[in-house]
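Data first, discussion second: the structure below is written as structure tokens.
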């Protein structure tokens with residue numbers, strides 16, 4: 001599931017300040033308890049992701065960098081590839097196993113795949129995000145190395161990519177999402193036909209539901225270049241349907257409520 005932390009960060013990216021009570025109202029209707037929401041906000045504040053000001057939370061510099069690292073990965077979906085690989089090599093002592101597991105997990109979330117034990121690769125340059133993650137995890141600088149280059153022996157093909165990244169599993173998830181979002185698009189027609197009776201709060205919850213469902217897959221997707229993807233890659237279709245559902249079916253029903261609308265559209 002798309003983490004509560006990342007949902008909060010994206011909301012604060014759109015709207016500059018949100019109160020604790022509003023976060024509680026939003027996420028209690030998404031199945032989160034008030035205590036979980038308060039604990040998450042407190043944890044994010046300690047990490048430096050958010051800052052409290054005038055009884056509201058705002059996006060802090062560290063939180064903005066988390067969003068930037070994810071958006072950098074997303075930018076790869078439309079980028080051409082120069083054929084070079086970006087390597088991250090590390091060896092973290094066994095007594096720091098939790099740190100190692102956290103770093104590996106975050107590496108994969110920004111698009112790196114495991115080539116060999118302790119060697120991760122990515123077709124695009126995300127070194128700044130990697131070094132930021134290493135610093136956040138508290139890693140010693142001597143434990144990690146990065147490099148850029150071409151593979152002289154053993155080129156990585158689309159078949160190899162299926163072993164290094166969960167390509168087939170992701171494609172299956174996109175197929176399931178396409179079926180789900182198509183059903184949601186059909187259901188939304190009832191809202192459009194009776195827009196006077198559509199409550200903005202219910203519309204927002206539908207938007208959050210779709211965003212969470214699609215965002216969960218996007219966070220797993222390494223956004224590989226087309227040379228490494230199967231011919232029947234379903235992500236573009238899933239993205240098209242998602243934006244159609246949000247932008248054409250739901251967002252127009254939310255525009256009458258400026259406060260709620262500002263949670264999904266930047267106020268800048």
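Numbering (UniProt numbering), first residue to last: 1 to 268. Ideal Cβ placement from N, Cα and C applies to all residues, glycine included. As the structure is a computational prediction, the values presented were derived from the model and not from experiment.
Would you list, in sequence order, the uninterrupted alpha helix (DSSP H) runs of no fewer than 4 residues that lie entirely inside the segment 122 to 158?
-> 127 to 137
Any chain B beta carbon closer than 7 angstroms to residue 238 | Protein chain content of the structure displayed is limited to a single chain, and chain B is not contained in it.
With DSSP as the reference, label residue 189 as helix, strand or coil.
-> Position 189 of the chain shown, counted from the first residue, corresponds to residue 189. Helix, per DSSP.
What number of angstroms, rounded off, separates the C-alpha of residue 61 from the C-alpha of residue 35?
-> Translated into positions along the chain shown, residue 61 becomes position 61. Translated into positions along the chain shown, residue 35 becomes position 35. Going from the Cα of residue 61 to the Cα of residue 35 covers about 25 angstroms.
If I'm right that residue 116 touches residue 88 with Cβ under 8 angstroms, what's the distance once you round it to whole angstroms?
-> Taking the first residue of the chain shown as position 1, residue 116 is located at position 116. Taking the first residue of the chain shown as position 1, residue 88 is located at position 88. That belief does not hold up - the Cβ atoms of residue 116 and residue 88 are roughly 12 angstroms apart, past 8 angstroms.
Quick one: Cα of residue 91 to Cα of residue 135, how far?
-> Locating residue 91 in the chain shown gives position 91, counting from the first residue. Locating residue 135 in the chain shown gives position 135, counting from the first residue. Rounded to the nearest angstrom, the two C-alpha atoms are 15 angstroms apart.
Pick from 241, 133, 70: whose alpha carbon is nearest that of residue 183?
-> The residue given as residue 183 occupies position 183 in the chain shown. Checked all of 241, 133, 70; the closest Cα to residue 183 is 241.
Straight-line Cα distance separating residue 74 from residue 225 = For the purposes of this step, residue 225 is taken as residue 225 along the chain shown, with counting starting at 1. For the purposes of this step, residue 74 is taken as residue 74 along the chain shown, with counting starting at 1. Whole-angstrom Cα-Cα distance: 12 angstroms.
Does the Cβ of residue 171 have 16 or more other Cβ atoms within 10 Å, making it buried, or fewer, making it exposed?
-> Position 171 of the chain shown holds residue 171. By the 10 Å Cβ count, residue 171 comes out buried.
Quick check: the segment 90 to 108 against the segment 134 to 151, are there 3 or more CB pairs under 8 angstroms?
-> yes
Applying the criterion that 16 or more other CB atoms from any shown protein chain within 10 Å of the CB defines a buried residue, is residue 63 buried or exposed?
-> Reading the chain shown from its first residue, position 63 is the one you call residue 63. So residue 63 ends up on the buried side.
What residue from 177, 40, 29 has the CA that sits closest to residue 9's CA?
-> Taking the first residue of the chain shown as position 1, residue 9 is located at position 9. If we check each option's Cα against that of residue 9, 40 comes out closest.
Sorted by chain position, which residues of the same chain lie with C-beta nearer than 6 angstroms to residue 67's C-beta, five sequence neighbours on each side aside?
-> Here residue 67 is taken as the residue at index 67 of the chain shown, counted from 1. Hits under 6 angstroms: 9, 13.
Kindly list the residues whose CB is nearer than 8 angstroms to the CB of residue 133, restricted to its own chain and excluding five residues on each side of it in sequence; keep chain order.
-> The count along the chain shown starts at 1 and reaches residue 133 at position 133. Result list for residue 133: 69, 103, 106, 107, 110, in chain order.
Closest by C-alpha distance to residue 15, when choosing among 125, 58, 154 | For the purposes of this step, residue 15 is taken as residue 15 along the chain shown, with counting starting at 1. It is 58.
CA-to-CA distance, residue 19 to residue 230, given in whole angstroms | As a first step, residue 230 is located in the chain shown; it is residue number 230 there, counting from the start. As a first step, residue 19 is located in the chain shown; it is residue number 19 there, counting from the start. Cα to Cα, residue 230 sits roughly 44 angstroms from residue 19.
So, are the CB atoms of residue 178 and residue 245 less than 7 angstroms apart?
-> Sequence index remark: in the chain shown, residue 178 carries index 178 (1-based). Sequence index remark: in the chain shown, residue 245 carries index 245 (1-based). No; because the gap between Cβ atoms is not below 7 angstroms, this pair is not in contact.
What is the residue span of the beta strand (DSSP E) that residue 85 lies within?
-> As a first step, residue 85 must be located in the chain shown, where it is residue number 85. First-last of the beta strand (DSSP E) with residue 85: 85 to 90.
Span of the alpha helix (DSSP H) holding residue 57?
-> The residue labelled residue 57 in the question sits at position 57 within the chain shown. Per DSSP, residue 57 belongs to no alpha helix (DSSP H); it is in the beta strand (DSSP E), 56 to 59.
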